[in-house]
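Below you'll find the structure, written out as structure tokens, and then a few comments.
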Amino acid sequence: MNTVLEVENLTVSYAVPGGAFTAVDGASLQVGAGEILGLVGESGSGKSTIGHTVMGHLAPGATAGGSVRANGRDVLDLSRAALQDLRGASIGFVPQNPTTALNPAMRVGTQIAEVLRRHTGLDPAAIRARCVELATDVGLPTPAALLARYPHQLSGGQQQRIAIAMALACRPPLIILDEPTTGLDVTVQRQIVELLARLRDGHRIAMLYITHDLPLLASLADRIAVMQHGRIVETGPVGDIVRRPRAAYTRALIAAVPDPDSPAPAPLHESPVLAASGLAVTYPAGFLRRRPPPAVSGVDLTLGATETLALIGESGSGKSTTARAICGLIRRSAGDVTFDGRPLAPALGRRDGADLRDIQYVFQNPDASLNPRRSVAEILARPIEVFHGIRGAAARDRAARALADVELDAEHLGRLPSELSGGQRQRVAIARALLAEPQVILCDEVLSALDVSVQARIIDLFLRLQRERRLALLFISHDLAVVRRLSHRVAVMKDGRLVEIGETDAIFTRPQHPYTESLLAAINRLPGEDRDAPG
8 MNTVLEVENL TVSYAVPGGA FTAVDGASLQ VGAGEILGLV GESGSGKSTI
58 GHTVMGHLAP GATAGGSVRA NGRDVLDLSR AALQDLRGAS IGFVPQNPTT
108 ALNPAMRVGT QIAEVLRRHT GLDPAAIRAR CVELATDVGL PTPAALLARY
158 PHQLSGGQQQ RIAIAMALAC RPPLIILDEP TTGLDVTVQR QIVELLARLR
208 DGHRIAMLYI THDLPLLASL ADRIAVMQHG RIVETGPVGD IVRRPRAAYT
258 RALIAAVPDP DSPAPAPLHE SPVLAASGLA VTYPAGFLRR RPPPAVSGVD
308 LTLGATETLA LIGESGSGKS TTARAICGLI RRSAGDVTFD GRPLAPALGR
358 RDGADLRDIQ YVFQNPDASL NPRRSVAEIL ARPIEVFHGI RGAAARDRAA
408 RALADVELDA EHLGRLPSEL SGGQRQRVAI ARALLAEPQV ILCDEVLSAL
458 DVSVQARIID LFLRLQRERR LALLFISHDL AVVRRLSHRV AVMKDGRLVE
508 IGETDAIFTR PQHPYTESLL AAINRLPGED RDAPG
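For the sequence shown, position 277 matches number 284 in the working numbering, and the numbering has no gaps at all.
Okay, here's the thing in structure tokens:
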């Protein structure tokens, strides 16, 4: 095997009050040309730290030992200038959230061109041609038109394809992918996976694919390395890992993967606690006063007390817009929303305190909702004080119990969001919503950043709270296996409209709309799982 990446006995530690925290402890792995190595583990296991270390992106105050050889050069010994030359030219990087890699004020084609200008000697005409070639390679329709757009004018899947194009621009022999499909709907996930497989086979690119999604890795990777508490506990071919795991932790991960063919919760027949009728959202006219088509049009749905209604559909279908309009985060242009039979004002600022407490929203990206300058204790203290009038030590005790509910230790109370992993930040956001003791939570891809074992425990938490507190959930997700495990009913959205709604088992086994059938066909499964076709 022509080894492109070789990590030997890597240790990465961070300075924390009272000592040091070891994020990676003696990890070793190899990736060969034309090979995809999947790196899987729970949130905070150190897998993303390995990826960032390979890129030379050590956080301030971090120290690293061992060796990280990429294309024969030890990254840990390189100067800052040498690292800048290495990135892009020899190592590409695709982040979990493409918005962190894209400049919102620059057209996406210009951003790809900047990479080429820095690392190649191509002339402007050749750069333009290469940009179009890259956009075509990553499966973007009408590439010339899309390259002229700004990031906010693209869907999440299109943004991620642009991020992949930027990583591929200089034909690097190695690409690091850090949760690149987290948050994308299943059809776009499948397209990205097929794209990466073509790039591996056609260009002999080595890839380190970091994820918590075992079924996805089983469909893409050649080998898998499993991480726990900063250590690699098992490495092997995909078939061996998923069928004959040796480590107890690997067996636990596999056991926690939700089965998309398992029976859904029994349907409920309760009076609605939340209802939307004729809901529509149209964004303001843009350049040249051209009014875009409605983002959401004519949506009717109800949510019963203790019920989970899942909202599924591709990126840009209107799922999040619907939830945000219901919550009042964006103004609806038409329709009515009622809670417990009383009308809700279109704008959040016009709703009273009880409505704000009773309907909580958890965002897909916790970075957008957690104040980076406040500790976890301060973040959680806010709803405790505002909604319950509790302060001081009693508030801290309540915050610690909320963290325990979402599988986090009380020691996290003193940390800033930047000192937590993405999955840990999401659990803090869930804990904050639960502290309000709401009747309804609108969950926008809240489990997408969590590993399967934590996902399973959060699902169990939601199910318990539904029984104990009569909690209702509007659950937006692209993970259809989780949807089947948690949801009583499913609503399918396409192009801003509901195309199908029904009881979960009926949707999964007897879908009525071709689009629903295409979503179900794209589900990733572990080898050996049943593949009962709907119908």
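Every residue, glycine too, gets a C-beta built ideally from N, C-alpha and C.
None of the values given here were measured: they were computed from a predicted structure.
Residue environment for Gly396: exposed (fewer than 16 other C-beta atoms within 10 angstroms of its C-beta). Under DSSP, Arg76 shares a beta bridge with Glu13 and Asp81. Spatial neighbours of Leu480 in its own chain (CB-CB distance under 7 Å, excluding positions within 5 residues in sequence) are listed in chain order as Thr315, Ile448, Cys450 and Phe469. For the alpha helix (DSSP H) assignment, the uninterrupted runs of no fewer than 4 residues enclosed by the segment 93-175 are, from N- to C-terminal side, 115-126, 131-144, 150-154 and 163-175. In the three-state scheme derived from DSSP, where H, G and I count as helix and E and B as strand, Ile217 is classed as strand.
In the three-state scheme derived from DSSP, where H, G and I count as helix and E and B as strand, Phe28 is classed as strand. The residues Ile386, Leu387 and Pro390, in chain order, have a CB closer than 7 Å to that of Arg439 in the same chain once the five nearest residues on each side in sequence are set aside. Secondary structure of Thr511 (DSSP, three-state): helix. The beta carbon of Ala436 is closer than 8 Å to those of Val369, Phe370, Pro373, Ser376, Leu377 and Val453 in its chain, skipping five residues each way along the sequence. Leaving aside the five residues that flank Val249 on each side, the residues in its chain whose CB is nearer than 6 Å to its CB run, in chain order, Ala225, Leu533 and Pro534. The beta carbons of Arg434 and Glu418 sit no closer together than 8 Å. For Met234, the beta-bridge partners assigned by DSSP are Gly48 and Ile239. Going by DSSP, Val369 is part of the beta strand (DSSP E) stretching over Ile366 to Val369. Short of 6 Å from the beta carbon of Ala263, and not among the five residues preceding or following it, lie these beta carbons of its own chain, in chain order: Val459, Ser460 and Ala463. Here Ile530 carries a coil assignment [DSSP, helix/strand/coil]. According to the DSSP assignment, Arg398 belongs to no alpha helix (DSSP H), since it is labelled neither H nor E.
The C-beta distance from Gly48 to Gln235 rounds to 6 Å, short enough to meet the 8 Å contact threshold.
A residue is called buried when at least 16 other Cβ atoms come within 10 angstroms of its Cβ; Thr60 meets this threshold and is buried.
In this chain, the beta strand (DSSP E) harbouring Gly342 covers Ala341 to Phe346.
One alpha carbon belongs to Asp192, the other to Glu42, and they sit about 25 Å apart. At the C-beta level, Gly163 and Pro301 stay beyond 8 Å of one another.
With fewer than 16 other Cβ atoms inside 10 Å of its own Cβ, Met113 counts as exposed. When DSSP states are grouped into helix, strand and coil, Tyr21 belongs to the strand group. Boundaries of the alpha helix (DSSP H) around Val195: Val193 to His210. Judged by DSSP in its simplified three-state form, Arg491 adopts helix.
Within the same chain, Ala232 come within 6 Å of Thr242 by CB-CB distance, once the 5 residues on both sides are set aside.
Gly45 sits away from Thr10, with the two beta carbons spaced by 8 Å or more. Annotation for Arg464: the continuous alpha helix (DSSP H) segment containing it runs Val459 to Arg476. Residue burial annotation: Thr149 is exposed, with fewer than 16 other C-beta atoms found within 10 angstroms of its C-beta.
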